[in-house]
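Line by line, the protein sequences give chains A and P. To convert a position in the first sequence, counted from 1, into this note's numbering, add 54. To convert a position in the second sequence, counted from 1, into this note's numbering, add 54.
There are 2 protein chains.
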Amino acid sequence: MQELETYVAQHRERFLSELMSLLRFPSISTLPEHAADVRACAEWLCDHLALLAPTRLELFPTEGHPLVYARWEISPQAPTVLIYGHYDVQPPDPVELWDSPPFEPVLRDGRLYARGATDNKGQFFAHVKALEALVRLDRLPLNVILLVEGEEEIGSIHLRPFLETHPELLGCDAVLISDTALYRDDLPTLCYGLRGLCYLEVSVRTAAADLHSGVFGGVVDNPILVLAHILSGLRDGYGRITIPGFYDDVLEPTPEERQRLAELSPDEEELRHQLGAPCLFGELGYSVLERRWLRPTLDINGIIGGFTGTGAKTVLPAVASAKLSMRLVPHQRADDIARKTEAAIRALAPPTASVEIRVLHSANPVVIPLDSPPLHAAARALARVFGRSPVFVREGGTIPVVEWFTELFRVPVVLMGLGLETEGAHAPNEHFHVKNFLRGILASALFLQEYAHAKA
Amino acid sequence: MQELETYVAQHRERFLSELMSLLRFPSISTLPEHAADVRACAEWLCDHLALLAPTRLELFPTEGHPLVYARWEISPQAPTVLIYGHYDVQPPDPVELWDSPPFEPVLRDGRLYARGATDNKGQFFAHVKALEALVRLDRLPLNVILLVEGEEEIGSIHLRPFLETHPELLGCDAVLISDTALYRDDLPTLCYGLRGLCYLEVSVRTAAADLHSGVFGGVVDNPILVLAHILSGLRDGYGRITIPGFYDDVLEPTPEERQRLAELSPDEEELRHQLGAPCLFGELGYSVLERRWLRPTLDINGIIGGFTGTGAKTVLPAVASAKLSMRLVPHQRADDIARKTEAAIRALAPPTASVEIRVLHSANPVVIPLDSPPLHAAARALARVFGRSPVFVREGGTIPVVEWFTELFRVPVVLMGLGLETEGAHAPNEHFHVKNFLRGILASALFLQEYAHAKA
Chain A
55 MQELETYVAQ HRERFLSELM SLLRFPSIST LPEHAADVRA CAEWLCDHLA
105 LLAPTRLELF PTEGHPLVYA RWEISPQAPT VLIYGHYDVQ PPDPVELWDS
155 PPFEPVLRDG RLYARGATDN KGQFFAHVKA LEALVRLDRL PLNVILLVEG
205 EEEIGSIHLR PFLETHPELL GCDAVLISDT ALYRDDLPTL CYGLRGLCYL
255 EVSVRTAAAD LHSGVFGGVV DNPILVLAHI LSGLRDGYGR ITIPGFYDDV
305 LEPTPEERQR LAELSPDEEE LRHQLGAPCL FGELGYSVLE RRWLRPTLDI
355 NGIIGGFTGT GAKTVLPAVA SAKLSMRLVP HQRADDIARK TEAAIRALAP
405 PTASVEIRVL HSANPVVIPL DSPPLHAAAR ALARVFGRSP VFVREGGTIP
455 VVEWFTELFR VPVVLMGLGL ETEGAHAPNE HFHVKNFLRG ILASALFLQE
505 YAHAKA
Chain P
55 MQELETYVAQ HRERFLSELM SLLRFPSIST LPEHAADVRA CAEWLCDHLA
105 LLAPTRLELF PTEGHPLVYA RWEISPQAPT VLIYGHYDVQ PPDPVELWDS
155 PPFEPVLRDG RLYARGATDN KGQFFAHVKA LEALVRLDRL PLNVILLVEG
205 EEEIGSIHLR PFLETHPELL GCDAVLISDT ALYRDDLPTL CYGLRGLCYL
255 EVSVRTAAAD LHSGVFGGVV DNPILVLAHI LSGLRDGYGR ITIPGFYDDV
305 LEPTPEERQR LAELSPDEEE LRHQLGAPCL FGELGYSVLE RRWLRPTLDI
355 NGIIGGFTGT GAKTVLPAVA SAKLSMRLVP HQRADDIARK TEAAIRALAP
405 PTASVEIRVL HSANPVVIPL DSPPLHAAAR ALARVFGRSP VFVREGGTIP
455 VVEWFTELFR VPVVLMGLGL ETEGAHAPNE HFHVKNFLRG ILASALFLQE
505 YAHAKA
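Written as structure tokens, this is what we have:
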């Protein structure tokens, strides 16, 4: 560890300057006008990795943005760790709320400000620099695959087919990802569970065209009221989802897990204040962390219908639509929940309306067994770097690729978060703490050593 | 009548050409960039009226668009009829759906196509041409005030203060307005009732800013679900409004009125098909026309919240808002209903949300006694022009100015519709049937004669 620390300290300035080069690419995957920037970013990364003498290095084209693939092979007998990250970023809007331009990285108060700093360039680049240190010091203890995609922010649309069609490139014993968060600043954190997602769009129509509400109000049903009736019929006032069969497969938390979460429990009044909520909400009988991590939820993500401009327009709209999503927990399955939700919506719809339902997105929940060897190795590595044992958390969000690795390769995934929830991912003034970037480099290198040692 | 018919027949082409000149002004009151066009239209009208030798003619400025005022006085002892109309029009959007440019009037198949043709330039100009005929033939039988405003399409915002501050200019025995519709083509129609309106905006907030639905779903309430719960709590599935006290002042229709409406009853299946509704809707126990004209209704006119773009965004929105309006009937009062609605909304709101309510628009319902002398005079005039007795209808819409005339001047208002509901008011390809323009000229002139005769 001493040797690694010395290497990182010696090369700190260059590491930061390289990360800043990476952050200068506006690799916004969702905007077609930035396609060339996305590609340029991938090419820069390839050129950069070439300096580390990988056994194989390739920029795989997809129907969308390219995938960067690199492999360091020390021996066919050694275990293999796959490190995943993404080099694409969210759009910087609203740009006017940034204190400095989103693609001109700057250091302020120990933080590096730029779009992508924490999500995910800074986090995956820590692993790249860990690889550099191990390669340069001739200490790489196992085989490593680095897979960095350019479409995470648009649903990893071409990654799943790539995983399915290239098993020979991706065989591994464990996956390491830094795309979650430290539970608190300076508190090393391993995430062992993510909620799944079932996201639908519902559209309600009660007439062929908008009508005058004076002339036809009372004769044609109101699609917004129909939609309101449907949506409010999916959840009760106690936060319980009322879709028939919704809880059938939900695993109740064990007393041990509840105990572990209780120890991490935030101050509720402080949380309420921080979120600006008149009153915290949630399913009766479960704590805040249980509601965020262990319990399924239903949210309406958007709704629109009729006249939404300033002032009054007396229209009886023809159509209204909403986007709704449910966060799922083991052992719920996204496709089963989509079916049950669709049935519940149809049962709530009156004959005065025609209803269309589309599934936009699904992902199953994931829980990684707490006794998996790579998780233990990661815990030991983090303890050495942070000087304290990590906490084991789950998160309420969804990273579809985690389920794919789990399901397709049946290998444990280590979610070693280096960012903080307060670092503005997807928001203005995104930043990354330099201390966590440096800790991440050490933790990544030590993890590879610990894991190689455990498997030996 | 013969003399009038001859005059109209002789000057038919000129009348149409003058109306086309009036229609060429894009007098769109809501768009600031058209303010000069609105003014030019008012000035054209003043110049045009000056040819008819009014006793007084004035363009009254307001804080918005000007009011055209003209008065023909034959004797202080003669009764006075005030004719109201508006020279402003709705925006022509969507322009691409027009078959000919909205401000280049054209005649096709006996219809004059242009924005404002039926609403309201064509309709009020029929009265101007009736005045011309009576003046030229030296047959004007009473005093006439013509009041044409330029802000009807934006809520007549400066008309009410004008009415209140200029009683000396506006004293009259009856008001005549053509801004309603013939119930069917060729069926003369007098409207004796309009529904009132109470229009509110409700906004619900559950957090200071949008949150990630994975991270905070289950801890902060969802404002769209809260709003859906509130809105669906205002009306039951049988079309009955569940706001406490809402029906307290509603006058039940009399058996005679129900009978009269039953005779006008449309074919429900044909109506359903025409509207493209899966199934007609409405309050149990009332016919289609009763629901449209005699019963109060509640509609949500618009709703918006969260992510409404294409695809999926897993946001837990902070805010959602809706516009809702109720059509009112005698003896409901808009301010009382606003209070009751606000109380009902607050009672439905959970502690997890803060709710803001704003009243955007109110108008009381109006019913004109069927035994009023000007209504009888109008019926006789229409019968002579159309060759059949008019039907007496109510309408579901709201014309605030009708209530103001009724309330401020306590004079009966005659609503002599010359347009058809199918003529595209507020929609593309607006038009006006030339035959009804010409009938309107005759009916207006005959009405003035009949009413003068009755009052003599």
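Virtual Cβ for every residue (Gly too), placed ideally from N, Cα, C. Remember, predicted model here, so these are calculated numbers, not experimental data.
Check: Minimum Cβ-Cβ distance from P/Ser83 to chain A less than 7 Å; Outcome: no
Check: Status (buried if at least 16 other CB within 10 Å, exposed otherwise) for A/Arg110; Outcome: exposed
Check: Bridge partner(s) assigned by DSSP for P/Asn513; Outcome: The structure shown does not extend to residue 513 of chain P, since chain P is modelled only from 55 to 510, so the question has no answer here.
Check: Cross-strand partners of A/Gly360 (DSSP beta bridge); Outcome: P/Gly356
Check: Beta-carbon contacts of A/Val160 that lie in its chain and below 8 Å, excluding the five residues immediately before and after; Outcome: Ser154, Leu166, Tyr167, Ala168
Check: Integer Cβ distance of A/Ser75 from A/Asp142, believed to fall under 8 Å; Outcome: At roughly 16 Å, the Cβ-Cβ gap does not stay under 8 Å, so A/Ser75 and A/Asp142 are not in contact.
Check: Endpoints, the alpha helix (DSSP H) within which P/Lys509 is located; Outcome: 488-509
Check: Cross-chain neighbours of P/Ile297 in chain A, by beta carbon under 8 Å; Outcome: Ordered by position in chain A, no residue passes the 8 Å Cβ test against P/Ile297, which lies about 13 Å from the chain.
Check: Own chain residues within Cβ distance below 6 Å of A/Ala90, not counting five before or after; Outcome: none
Check: With 16 other Cβ atoms within 10 Å as the buried cut-off, status of A/Leu85; Outcome: exposed
Check: A/Arg162 in three-state terms, based on DSSP; Outcome: strand
Check: Environment of P/Thr406 [buried if 16+ CB atoms lie within 10 Å]; Outcome: buried
Check: Neighbour list for A/Tyr253 in chain P, Cβ cutoff strictly below 8 Å; Outcome: Ala366, Thr368
Check: Classification of A/Leu338 by the beta-carbon crowding that lies within 10 angstroms, buried from 16 upward; Outcome: exposed
Check: Chain-ordered chain P contacts of A/Ala184 [CB-CB under 7 Å]; Outcome: Ordered by position in chain P, no residue passes the 7 Å Cβ test against A/Ala184, which lies about 27 Å from the chain.
Check: CB contact below 7 Å: A/Thr351 versus chain P; Outcome: yes
Check: Supposed contact pair A/Val420 and A/Thr364 - C-beta distance, whole angstroms, cut 8 Å; Outcome: Actually they are not in contact, since the Cβ atoms of A/Thr364 and A/Val420 sit about 45 Å apart, beyond 8 Å.
Check: When A/Ala282, A/Gly441, A/Gly293, A/Glu127 are compared against A/Ile399, the one with the closest alpha-carbon; Outcome: A/Ala282
Check: Proximity winner among P/Ala63, P/Lys377, P/Met55, relative to P/Leu54 (alpha-carbon distances); Outcome: Any property of residue 54 of chain P remains undetermined from this structure, which presents chain P solely from 55 to 510.
Check: Under 9 Å by beta carbon: chain A residues contacting P/His385; Outcome: Correct list: empty, because the minimum Cβ distance to chain A is about 18 Å.
Check: A/Pro277 burial status per 10 Å Cβ neighbour count (16 or more: buried); Outcome: buried
Check: CB-CB length for A/Trp126 against A/Leu185, believed under 8 Å; Outcome: 7 Å
Check: Partner residues on chain P for A/Phe335, Cβ-Cβ distance less than 7 Å; Outcome: Val273, Val274, Asp275, Thr406
Check: Against chain A: residues of the segment 313-336 of chain P by CB proximity under 8 Å; Outcome: Leu325, Leu329, Gly330, Ala331, Pro332, Cys333, Leu334, Phe335, Gly336
Check: Neighbour flag for A/Ser286 against chain P, beta carbons, 7 Å; Outcome: yes
Check: Residues near P/Thr234 in its chain [Cβ-Cβ closer than 7 Å; skip 5 each side]; Outcome: Cys245, Glu449, Leu469, Gly471
Check: Boundaries of the beta strand (DSSP E) in which A/Ala263 is found, first to last residue; Outcome: A/Ala263 -> no beta strand (DSSP E), and no H or E assigned at all.
Check: Within chain P, partners of A/His415 - CB distance below 9 Å; Outcome: Gly365, Ala366, Thr368
Check: Backbone CA spacing between P/Tyr237 and P/Cys226 [nearest angstrom]; Outcome: 28 Å
Check: is_contact[P/Gly339, chain A] using C-beta, thresh 7 Å; Outcome: no
Check: P/Asp389, buried or exposed, once every other Cβ within 10 Å from all chains shown has been counted against 16; Outcome: exposed
Check: Bridge partner(s) assigned by DSSP for P/Glu112; Outcome: P/Tyr123
Check: C-beta neighbour in chain P for A/Ile399, strict 7 Å; Outcome: no
Check: Chain P contact for A/Val465 (CB, 7 Å cutoff); Outcome: no
Check: 6 Å Cβ shell around A/His119 - same chain, five flanking residues per side excluded; Outcome: Ser83, Val92, Gly204, Glu205
Check: Complete alpha helix (DSSP H) runs within the segment 421-466 of chain P (minimum length 4 residues, chain order); Outcome: 427-440, 454-458
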